[in-house]
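The next block holds one structure in the form of structure tokens; read it before the comments.
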Amino acid sequence: MVNVVLFNVPTAMLKDLGYSNVFIGLSSLITIPYALKFLWGPVIDAISTKRKWILRTIEIQLLLWAAMVFLLVTSHFTVAIFFGILFLVSLSKSPQEIALVGFYLVSLTKSDQARFIGIRPLTSRLAMVFTGSLLLGMAGIFGKVAGDGDMRYTWGFYFLCLLAVYAIGYLWTQTSCPYPIGDKALPRAPGQGIWNNLKEPFVALLKIKYIGLAVLFILFIRSGEAFIHRMVVPFYMDPPESGGYGADLAQVGFIGMIGLIGASAGAVISGFAIKKYGLRRIMLPFVAAAIFPSLIYTALAVWHVEWSMTFDLTGIGINYKTDLNIALSFGALVENFGYGLGYSAAEYFLFSLSRGKYQTSIAGFLLSILYIVVLVFGAISGWVQSLSGWGWFFVISVLVSIPVFLVLPRLRYVDEETSKAS
């Protein structure tokens, strides 16, 4: 859920408050600590267990969400404070992400990892359905009905519900999270500092065969996706005279939920396909599926399809009625289904490179590279859109990913225990 609030919700919130697409793109820079997560790998390897790291960081995030709710309901909220809290959340999420990956690696065999690679994104998508779609839509409706559009009602409701669900999730994690035998701190030589452990994992990363090609693969497959996922909500919410569809928060939540259903289905299918056919055989079609469906947004921008159905809650006593654009929902479904297929395969490829004594730190390096790509392209996405317009923006998002097809034939795959070929 944290990822959604860090990367998706600010986009909708800033657009709702009237900020420009250029500013929305640049706002992704507040998550810079998340891009430096690899620095936490040696610390997590050297201190305590990954399970404890996960629980302690959740506790920090609970306090930050509580502060957000307090500031909203007491009218002390400002965008600067909002960014400050998100910066601290990003800072706490960095070690949590590395600990989660390390916990995944030490808890499961390579065979189990192949089976769960589709389940892991699925649970992430379910969290996105709630925080980025269902709860966002509910907050939009609540703000209009109870607060006449007052942002304190809309976003106070949102973060209060988020805090409650996050607290329940923390209690569940604390009681159900296992204690893997391999989850323990790595021994250090007498006098050796924690950061001395940074050199050896980095050297191990550089020794991975064809690591340069793997980095290029990350760069190209994530660049176009970073463009779209930072700007798709502004595309929904921009007024028609600016090339958008004028959607409100409730409509954005509904469209997002349809899209996440597609992404979840793609992620699960990808996991089963990797398990059955092996990574090499499915990589090309799944990567293509992640890139080319984005062109459907180009069609929506150029032809501005008005295919809608009425969404009316007055029958159940809620004074809310709007028109939902079915064309946008279909576009989100198709694009996110392809994204689920391709990104799950790409993520498993990265995890397959993380082996040996420093697998957590190596995974941290690779995930940081992946997110730096997302950060950079997300930051410039608003500027590119403002110069090109919506139609050409979505074409550009595909073009920047095309070079991945030059890299794919040269990738080398680690043999999985249960894959047929690689």
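With the UniProt record's numbering applied, the sequence shown closes on residue 422, and no number is skipped along the way.
Every residue, glycine too, gets a C-beta built ideally from N, C-alpha and C.
Quiz item: Of all the options M68, I261, F202, P180, which has the alpha carbon lying nearest to the alpha carbon of C161?
Solution: M68
Quiz item: Which runs of the beta strand (DSSP E) fall wholly inside the stretch 308-372 and span at least 3 residues, in chain order?
Solution: 308-312, 321-325
Quiz prompt | Own chain residues within Cβ distance below 6 Å of N8, not counting five before or after | solution = G132.
Quiz item: Which residue's Cα is closest to the Cα of V305: N319, N325, A288, L313?
Solution: N325
Exercise. Would you kindly check if the distance between the Cβ of D248 and the Cβ of K321 is under 9 Å?
Key: no
Exercise. Work out the CA separation of S90 and G84 for me, nearest whole Å.
Key: 10 Å
Self-check item: Supposed close pair G137, F254 - CB separation, criterion 8 Å
Solution: 6 Å
Quiz prompt | the stretch 222-236 touching the stretch 381-397, judged by at least three CB pairs closer than 8 Å | solution = yes
Quiz item: How should R410 be labelled, buried or exposed, when 16 other C-beta atoms within 10 angstroms of its C-beta is the threshold for buried?
Solution: exposed
Quiz prompt | Exposure of D312, with buried meaning 16 or more beta-carbon neighbours within 10 Å | solution = exposed
Practice problem: Could you give the DSSP three-state label for E416: helix, strand or coil? | Solution: Residue placement at E416 is poorly supported in this model, since its pLDDT is 45, which falls under 50; the coordinates still yield a value, given next. Note: E416 maps to coil in three-state DSSP.
Quiz item: Relative to the alpha-carbon of A327, which residue among E347, S344, F349, W303 has its alpha-carbon at the smallest distance?
Solution: W303
Self-check item: Boundaries (first-last residue) of the alpha helix (DSSP H) holding S401
Solution: Per DSSP, S401 belongs to no alpha helix (DSSP H) and is neither H nor E.
Quiz item: By Cβ distance below 6 Å, which residues in the same chain neighbour I258 in space, the five residues on each side in sequence not counted?
Solution: S329, A332, L333
Quiz prompt | Through-space distance from W392 to A185, alpha-carbon basis | solution = 50 Å
Quiz item: Near S223, which residues of its chain fall below 7 Å by C-beta distance, leaving aside the five closest residues on each side in sequence?
Solution: Apart from sequence neighbours up to five positions away, the residues of its chain that approach S223 with a beta-carbon distance below 7 Å are V373, F377, V400, S401, ordered along the chain.
Practice problem: Would you mind sorting G315 into buried or exposed? The rule is 16 or more other CB atoms within 10 Å of its CB. | Solution: exposed
Exercise. Measure the alpha-carbon distance for V252 versus R152 and round it to whole angstroms.
Key: 19 Å
Quiz prompt | Euclidean distance between Cα positions of A46 and A99 | solution = 12 Å
Quiz prompt | Separation of A12 from M128, as counted between CA atoms | solution = 14 Å
Exercise. Could you check the C-alpha separation between A363 and S354 for me, to the nearest Å?
Key: 5 Å
Exercise. Determine the DSSP secondary structure at H76, reduced to helix, strand or coil.
Key: coil
Quiz item: Short check: CB of S294 to CB of S344, under 9 Å?
Solution: No; because the gap between Cβ atoms is not below 9 Å, this pair is not in contact.
Quiz prompt | Counted within 10 angstroms of its Cβ, other Cβ atoms place Y297 as buried (16 or more) or exposed | solution = buried
Quiz prompt | Distance CB(G266)-CB(A289) smaller than 9 Å | solution = Result yes, Cβ atoms of G266 and A289 sit closer than 9 Å.
Self-check item: Other residues of its chain near S48: CB distance less than 7 Å, five sequence neighbours each side excluded
Solution: A185
Quiz prompt | Own chain partners of V395 with C-beta closer than 6 Å, once the 5 adjacent residues on each side are dropped | solution = T298
Self-check item: Chain-order list of residues whose beta-carbon lies under 8 Å from that of L86 (same chain, five-residue window excluded)
Solution: V5, L6, P10, I30, T31
Quiz item: Is residue 456 helix, strand or coil when you go by DSSP?
Solution: The chain is shown only over 1 to 422; residue 456 falls outside these bounds and no answer can be derived.
Quiz prompt | F349 beta carbon less than 9 Å from that of L279 | solution = yes
Quiz item: Short check: CB of I141 to CB of I318, under 9 Å?
Solution: yes
Practice problem: In the DSSP assignment, find the alpha helix (DSSP H) that holds F130 and state where it starts and stops. | Solution: No alpha helix (DSSP H) contains F130, which DSSP labels as neither H nor E.
Exercise. Could you check how far apart the C-beta atoms of E97 and K52 are, in whole angstroms? I think they sit under 8 Å.
Key: About 15 Å separates the beta carbon of E97 from that of K52, a gap too long to meet the 8 Å contact definition.
Quiz item: What residues in its chain sit with their C-beta under 6 Å from that of N3, if we drop five residues either side in the sequence?
Solution: Answer for N3: no residue qualifies.
Quiz item: Is F241 helix, strand or coil when you go by DSSP?
Solution: Residue identity check: residue 241 is Glu in the sequence provided, not Phe. Helix at E241.
Self-check item: N- and C-terminal bounds of the alpha helix (DSSP H) containing R281
Solution: 279-291
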